[in-house]
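Engineer: Below is one structure. I have some questions about it.
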Amino acid sequence: MMTDFFFKLRKASIPVTLTEFLTLLEALHQRVTAHSVEEFYYLARAALIKDERHYDRFDQVFASHFKGLETLFDGLVGANVPLEWLRKLAELTLSEEDQQLIESMGGWEKLMETFAQRMAEQEGRHQGGNKWIGTAGTSPYGAYGYNPEGIRIGQDQSRHRRAVKVWDRREFRNLDDTVELGTRNIKVALRRLRRFAREGAAEELDLDDTIRSTARNAGWLDLKMVPERHNAVKVLLFLDVGGSMDDHVRACEELFSAARSEFKHLEYFYFHNMVYEGLWKDNRRRHTEKIDTLTVLHTFTRDYKLILVGDATMSPYEITYPGGSVEHFNPEAGDVWMSRLLAAWPRAIWLNPQSSNRWSYIPSIQMVRELMSDRMYPLTLEGLEQGIRALQQLR
Amino acid sequence: MTEGRFHGTERYVATDDLMMAVNAAVTLGRPLLVKGEPGTGKTQLAEEVAFALNRPFIQWHIKSTVKAQQGLYEYDAVSRLRDSQLGEGRVHDISNYIVKGKLWEAFTADVQPVLLIDEIDKADIEFPNDLLLELDRMEFYVYETRQTVKAHHRPIIIITSNNEKELPDAFLRRCFFHYIRFPDKETMEQIVRVHYPDLKKRLLSEALEAFFEIREAPGLKKRPSTSELLDWIKLLVAEDIPPEALRGDQRKLIPPLYGALLKNEQDVHLFERLLFMSRRKKD
Ligand SMILES: Nc1ncnc2c1ncn2[C@@H]1O[C@H](COP(=O)(O)OP(=O)(O)O)[C@@H](O)[C@H]1O
Ligand SMILES: [Mg+2]
Chain L
0 MMTDFFFKLR KASIPVTLTE FLTLLEALHQ RVTAHSVEEF YYLARAALIK DERHYDRFDQ
60 VFASHFKGLE TLFDGLVGAN VPLEWLRKLA ELTLSEEDQQ LIESMGGWEK LMETFAQRMA
120 EQEGRHQGGN KWIGTAGTSP YGAYGYNPEG IRIGQDQSRH RRAVKVWDRR EFRNLDDTVE
180 LGTRNIKVAL RRLRRFAREG AAEELDLDDT IRSTARNAGW LDLKMVPERH NAVKVLLFLD
240 VGGSMDDHVR ACEELFSAAR SEFKHLEYFY FHNMVYEGLW KDNRRRHTEK IDTLTVLHTF
300 TRDYKLILVG DATMSPYEIT YPGGSVEHFN PEAGDVWMSR LLAAWPRAIW LNPQSSNRWS
360 YIPSIQMVRE LMSDRMYPLT LEGLEQGIRA LQQLR
Chain S
0 MTEGRFHGTE RYVATDDLMM AVNAAVTLGR PLLVKGEPGT GKTQLAEEVA FALNRPFIQW
60 HIKSTVKAQQ GLYEYDAVSR LRDSQLGEGR VHDISNYIVK GKLWEAFTAD VQPVLLIDEI
120 DKADIEFPND LLLELDRMEF YVYETRQTVK AHHRPIIIIT SNNEKELPDA FLRRCFFHYI
180 RFPDKETMEQ IVRVHYPDLK KRLLSEALEA FFEIREAPGL KKRPSTSELL DWIKLLVAED
240 IPPEALRGDQ RKLIPPLYGA LLKNEQDVHL FERLLFMSRR KKD
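Order-wise, the sequence lines are chains L and S.
Residue 328 in numbering that gives the first Met the number 0 is what sits at position 329 of the first sequence, and the numbering runs on without skipping anything.
Residue 155 in numbering that gives the first Met the number 0 is what sits at position 156 of the second sequence, and the numbering runs on without skipping anything.
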């Protein structure tokens, strides 16, 4: 059951390793806790999860895996656990074959030892291939199929009817980096952007270190260099405003305006749905103060990286037909302008605040994605990171 | 089994999950990594663990220039160079120029100490990896004097991070981890209580109300944290501000003495604008 839990966590893309899993077993062994399922939950979380962004996913896996098993954790105070307890859990959730296998390996103690050894051998590889691990999860009793009434380990059956379980409260939902950017996770997003901004800086002389090393060298000059601190990356930001984007645009603006001081070269422009012949700098005066897209194309050099932020949710006409825009008459189609942009700034990505599992249902998103050669990323921390990585890799 | 366990102190409110993380780390002798926004009590936690478990407290505060080696020891080459120019006799014994670091201090303490490595994310990204070996083996070698420094007792190690940099995986795998979530109202009430046990109930509840309202204001550059709340309450008491003055419905303006909560001018403007807009909506 415990190994099953481990694999479910991995399946939920939480990077738990065997080292950490063993730490948990060891903690149970040393009786850090055995009092209640809450304590077990806290312990497991502290041992297995190393990033608060994974707390929410952990809660969900925990909830589904240990559903109905809460009584097992009650009334264990003072009993000879947890080894005993682990065995009990195993009896309930492992098939007879599994158990025989465990016995044939010399029982639980031996098993944990072997596990530790295997782990030391496999450190860094992280996948299965281990006999024990290989058989886990094949138990005929899933966490769901199990009937808590049948077992009487804990005495107090009513105790497991607590109000809302901690893990069911989903208190860490907004720390998960696969959810949209908002005020809460914006700081982290900003940090990623900063790291991006610092990329590619030249080296400069580190005077202190040079003096120190020279003294150490009994006076022979020993030059030391450090990366220069200021930023080399140039970014053009095109933001979609109006209509369906209103919900999201604040988060994006906030993010990038906060990042502004970090980038030596960051310019931004607004567009609506799709880029056409005109862009604007001040959204309140969008109808009066347009800038020719051509001018922008000629002003910013090829080494700028282009980031478009928009939900790409519109009528396909707005992409493919002259005059397709909802706001004005555009002599040339959106996709014509897009290909001009991409020719001018080949290092380009599109960040989309729409939830990515809806992308495939919206034709215009598919079309824009194709125009971008698939370089569209969700506007989440994870997406931002992937996007930045793509920008750095593109030559 | 309860002996030697951490349950918080009369000065420090520890939630159940935090206690568990501390006790697991102490029992298994692994470092505990604590993250959370500034002002959530990370630094104080380490002090309180030392106090509660009756251990000496050693604090190593990390700055951007700190190198892992400095935690072990430093060889003061410059002094030695100077002494040699002056013809000092002590120059011949290199051990005169070995300066012990915090890890050395912790390794050789008489009783098991609590070692706080504070704000590890301030250092270079290599810093945590550079300490791995010493933390695993609980020993290190001093080349200059050819001696091995071994830990007499495995120190209780608490490491804090404000999340400015990601920490390397190899390092994370060895730690227990706890993220201090920003306290909810009840927890915050307890925290304020341990600092100001005599605070009037009404003032406390109005102050908390106003505080959380400000914290929720969207778009603040620096949201006020526990330390700001504590400072603000201290001022409210000193100035004898009545609880009514903090009431949201009565308040036509930004709360009194808000300077303790909002420290940056843009945030003050933003908050004023938000208040203004919400009032207009109501009228
Ligand atoms: N759980 C708590 N119990 C008591 N005081 C707290 C708690 N959390 C924060 N504080 C108070 O808030 C202030 C900031 O705490 P500190 O440890 O410096 O935070 P951090 O190191 O996380 O920035 C201190 O005055 C501390 O006493
Ligand atoms: Mg601190």
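Ideal Cβ placement from N, Cα and C applies to all residues, glycine included.
Grab me the residues of L203 (chain S)'s own chain with a C-beta within less than 7 angstroms of its C-beta, minus the 5 sequence neighbours each way, in chain order.
Structural biologist: On the second sequence, residue 203 (chain S) is found 204 positions in, with the first residue counted as 1. Cβ neighbours of L203 (chain S) beyond the five flanking positions: E188, V191.
Engineer: Start and end of the alpha helix (DSSP H) containing G70 (chain S)?
Structural biologist: Stepping through the second sequence from its first residue, residue 70 (chain S) is reached at position 71. 67 to 71 is the span of the alpha helix (DSSP H), which, as asked, contains G70 (chain S).
Engineer: Within the continuous beta strand (DSSP E) that includes M375 (chain L), where are the two ends?
Structural biologist: Taking the first sequence and counting its residues from 1, one reaches residue 375 (chain L) at position 376. 375 to 377 is the span of the beta strand (DSSP E), which, as asked, contains M375 (chain L).
Engineer: Please list the residues of the stretch 51 to 68 of chain L that have a C-beta atom closer than 8 angstroms to any C-beta atom in chain S, keeping them in chain order.
Structural biologist: Listed by position, the residues of the stretch 51 to 68 of chain L near chain S (Cβ gap below 8 angstroms) are E51, Y54.
Engineer: Determine the closest residue to C174 (chain S) out of S:F126, S:S226, S:V98, S:P30, with distance taken between C-alpha atoms.
Structural biologist: Position 175 of the second sequence, counting from 1, holds the residue named residue 174 (chain S). For C174 (chain S), the nearest C-alpha among the options comes from S:P30.
Engineer: Could you tell me the alpha carbon to alpha carbon distance between W358 (chain L) and V21 (chain S), rounded to whole angstroms?
Structural biologist: As a working note, residue 358 (chain L) is residue 359 in the first sequence. As a working note, residue 21 (chain S) is residue 22 in the second sequence. Going by the C-alpha atoms only, they are around 44 angstroms apart.
Engineer: Can you list the residues of chain L that K34 (chain S) reaches, using a CB-CB cut of under 8 angstroms?
Structural biologist: For the purposes of this step, residue 34 (chain S) is taken as the residue at position 35 of the second sequence. Simply E51.
Engineer: Consult DSSP for K10 (chain L) and reduce its assignment to one of helix, strand or coil.
Structural biologist: Start at 1 with the first residue of the first sequence, and residue 10 (chain L) comes out as number 11. Helix at K10 (chain L).
Engineer: Helix, strand or coil for T18 (chain L)? Go by DSSP, reduced to three states.
Structural biologist: Locating residue 18 (chain L) in the first sequence gives position 19, counting from the first residue. Three-state DSSP puts T18 (chain L) in a helix.
Engineer: Near D281 (chain L), what residues of its chain come up, given a Cβ to Cβ distance below 7 angstroms and the 5 sequence neighbours on each side ignored?
Structural biologist: Walking along the first sequence from the start, residue 281 (chain L) turns up at place 282. These residues qualify, in order along the chain: E288.
Engineer: Closer than 9 angstroms, CB to CB, is D3 (chain L) near chain S or not?
Structural biologist: Along the first sequence, read from residue 1 onward, the residue named residue 3 (chain L) stands at position 4. No, D3 (chain L) does not count as interfacial toward chain S.
Engineer: Taking the alpha carbon of L27 (chain L) as the point to measure from, which residue in L:P14, L:Y360, L:A62, L:A46 has its own alpha carbon closest?
Structural biologist: Here the question's residue 27 (chain L) lines up with position 28 in the first sequence. For L27 (chain L), the nearest C-alpha among the options comes from L:A46.
Engineer: For the stretch 17 to 28 of chain S, which residues have a beta carbon sitting closer than 7 angstroms to at least one beta carbon of chain L?
Structural biologist: Within the stretch 17 to 28 of chain S, the qualifying residues are M19, A20, N22, A23, T26, L27.
Engineer: Please report whether the beta-carbon of A45 (chain L) lies at a distance below 9 angstroms from any beta-carbon of chain S.
Structural biologist: Counting from one through the first sequence, the residue named residue 45 (chain L) turns up at place 46. Chain S, which has a Cβ nearer than 9 angstroms to the Cβ of A45 (chain L), makes this yes.
Engineer: Name the chain S residues that come within less than 7 angstroms of L42 (chain L), Cβ to Cβ?
Structural biologist: Mapped onto the first sequence, residue 42 (chain L) falls at position 43. Ordered by position in chain S, the residues that pass the 7 angstroms Cβ test against L42 (chain L) are M19, A23.
Engineer: Would you mind telling me which residues of chain S sit closer than 9 angstroms to I48 (chain L), beta carbon to beta carbon, in chain order?
Structural biologist: In the first sequence, residue 48 (chain L) corresponds to position 49, counting from 1. Simply F176, Y178.
Engineer: Just verifying my parser: in three-state terms, what is the DSSP assignment at I57 (chain S)?
Structural biologist: In the second sequence, the residue the question calls residue 57 (chain S) occupies position 58. If DSSP states are grouped into helix, strand and coil, I57 (chain S) belongs with the strands.
Engineer: Contact criterion: CB-CB distance below 9 angstroms. Does R158 (chain L) meet it with respect to chain S?
Structural biologist: On the first sequence, residue 158 (chain L) is found 159 positions in, with the first residue counted as 1. Confidence is the limiting factor: at R158 (chain L) the pLDDT is only 30, short of 50, which leaves the residue's position unreliable and the question unanswerable from this model.
Engineer: By Cβ distance below 7 angstroms, which residues in the same chain neighbour I132 (chain L) in space, the five residues on each side in sequence not counted?
Structural biologist: Taking the first residue of the first sequence as position 1, residue 132 (chain L) is located at position 133. Caution applies to I132 (chain L), whose pLDDT of 27 falls short of 50 and renders its modelled position unreliable; the model cannot decide the point.
Engineer: Measuring straight from C-alpha to C-alpha, what distance separates K34 (chain S) and T225 (chain S)?
Structural biologist: Locating residue 34 (chain S) in the second sequence gives position 35, where the first residue counts as 1. Locating residue 225 (chain S) in the second sequence gives position 226, where the first residue counts as 1. Computed Cα separation, rounded: 15 angstroms.
Engineer: Would the beta-carbon of D310 (chain L) fall within 9 angstroms of that of D239 (chain L)?
Structural biologist: Translated into the one-based positions of the first sequence, residue 310 (chain L) becomes position 311. Translated into the one-based positions of the first sequence, residue 239 (chain L) becomes position 240. Result yes, Cβ atoms of D310 (chain L) and D239 (chain L) sit closer than 9 angstroms.
Engineer: With a cut-off of 9 angstroms, does the C-beta of E319 (chain L) fall near any C-beta of chain S?
Structural biologist: As a first step, residue 319 (chain L) is located in the first sequence; it is residue number 320 there, counting from the start. The residue asked about is misnamed: residue 319 (chain L) is Thr in this sequence, not Glu. False, the Cβ-Cβ gap to chain S never drops below 9 angstroms.
Engineer: For the alpha helix (DSSP H) that contains I290 (chain L), what are its first and last residues?
Structural biologist: As a first step, residue 290 (chain L) is located in the first sequence; it is residue number 291 there, counting from the start. Taken as a continuous stretch (DSSP letters only), I290 (chain L) belongs to no alpha helix (DSSP H), being part of the beta strand (DSSP E) at 289 to 291.
Engineer: Taking DSSP as the reference, what is the three-state secondary structure of G40 (chain S)?
Structural biologist: The residue you call residue 40 (chain S) lines up with position 41 of the second sequence. Looking at G40 (chain S) - three-state DSSP - the assignment turns out to be coil, as it is neither helix nor strand.
Engineer: Would you identify the three-state DSSP class for L273 (chain L), choosing helix, strand or coil?
Structural biologist: Position 274 of the first sequence, counted from the first residue, corresponds to residue 273 (chain L). The sequence given here places Met at residue 273 (chain L); Leu does not occur at that position. M273 (chain L): strand per DSSP, three-state reduction.
Engineer: Measure the CB-CB distance between K99 (chain S) and Y142 (chain S) and report whether it falls below 9 angstroms.
Structural biologist: Numbered from 1 along the second sequence, position 100 holds the residue referred to as residue 99 (chain S). Numbered from 1 along the second sequence, position 143 holds the residue referred to as residue 142 (chain S). Taking 9 angstroms as the Cβ cut-off, K99 (chain S) and Y142 (chain S) do not qualify as a contacting pair.
Engineer: Could you give the C-beta distance for M18 (chain S) and H6 (chain S), rounded to a whole number, given that I count them as a contact under 8 angstroms?
Structural biologist: What you label residue 18 (chain S) is simply residue 19 of the second sequence in a count that begins at 1. What you label residue 6 (chain S) is simply residue 7 of the second sequence in a count that begins at 1. That pair is a contact at about 6 angstroms.
Engineer: Mind checking P345 (chain L): buried by the 16 CB within 10 Å criterion, or exposed?
Structural biologist: For the purposes of this step, residue 345 (chain L) is taken as the residue at position 346 of the first sequence. Exposed.
Engineer: Kindly indicate if chain L contains any beta-carbon less than 9 angstroms away from that of D168 (chain S).
Structural biologist: If you number the second sequence from 1, residue 168 (chain S) lands on position 169. Yes - at least one Cβ of chain L is within 9 angstroms of the one on D168 (chain S).
Engineer: Report yes if the C-beta of P14 (chain S) is less than 8 angstroms from at least one heavy atom of ligand 2; otherwise report no.
Structural biologist: As a working mapping, residue 14 (chain S) is identified with position 15 in the second sequence. In the sequence under discussion, the amino acid at residue 14 (chain S) is Thr, which differs from the Pro named in the question. False, no ligand heavy atom lies under 8 angstroms from that Cβ.
Engineer: Here's a check: name, in chain order, each residue in its chain whose Cβ is nearer than 8 angstroms to the Cβ of A389 (chain L), leaving out the five neighbours to either side.
Structural biologist: For this step, residue 389 (chain L) is matched to residue 390 along the first sequence. These residues qualify, in order along the chain: I348, R374, Y376.
Engineer: By the three-class DSSP mapping on this structure, what secondary structure does W336 (chain L) have?
Structural biologist: For this step, residue 336 (chain L) is matched to residue 337 along the first sequence. Helix, per DSSP.
Engineer: State yes or no: is the C-beta of S363 (chain L) within less than 9 angstroms of the C-beta of E331 (chain L)?
Structural biologist: Your numbering for residue 363 (chain L) matches position 364 in the first sequence. Your numbering for residue 331 (chain L) matches position 332 in the first sequence. Going by C-beta atoms, S363 (chain L) is not nearer than 9 angstroms to E331 (chain L).
Engineer: What in chain L is Cβ-close to R172 (chain S), meaning under 9 angstroms?
Structural biologist: For the purposes of this step, residue 172 (chain S) is identified with residue 173 of the second sequence, where counting begins at 1. The contacting residues are T16, T18, E19, T22, K49.
Engineer: Thinking C-alpha only, which one of S:A259, S:Q68, S:G38, S:Q111 is nearest D123 (chain S)?
Structural biologist: Looking up residue 123 (chain S) in the second sequence gives position 124. Among S:A259, S:Q68, S:G38, S:Q111, the Cα nearest to that of D123 (chain S) belongs to S:Q68.
Engineer: Relative to the C-alpha of L219 (chain S), which residue among S:H268, S:K233, S:K200 is closest?
Structural biologist: Counted from its first residue, the second sequence places residue 219 (chain S) at position 220. The shortest Cα separation from L219 (chain S) among S:H268, S:K233, S:K200 belongs to S:H268.
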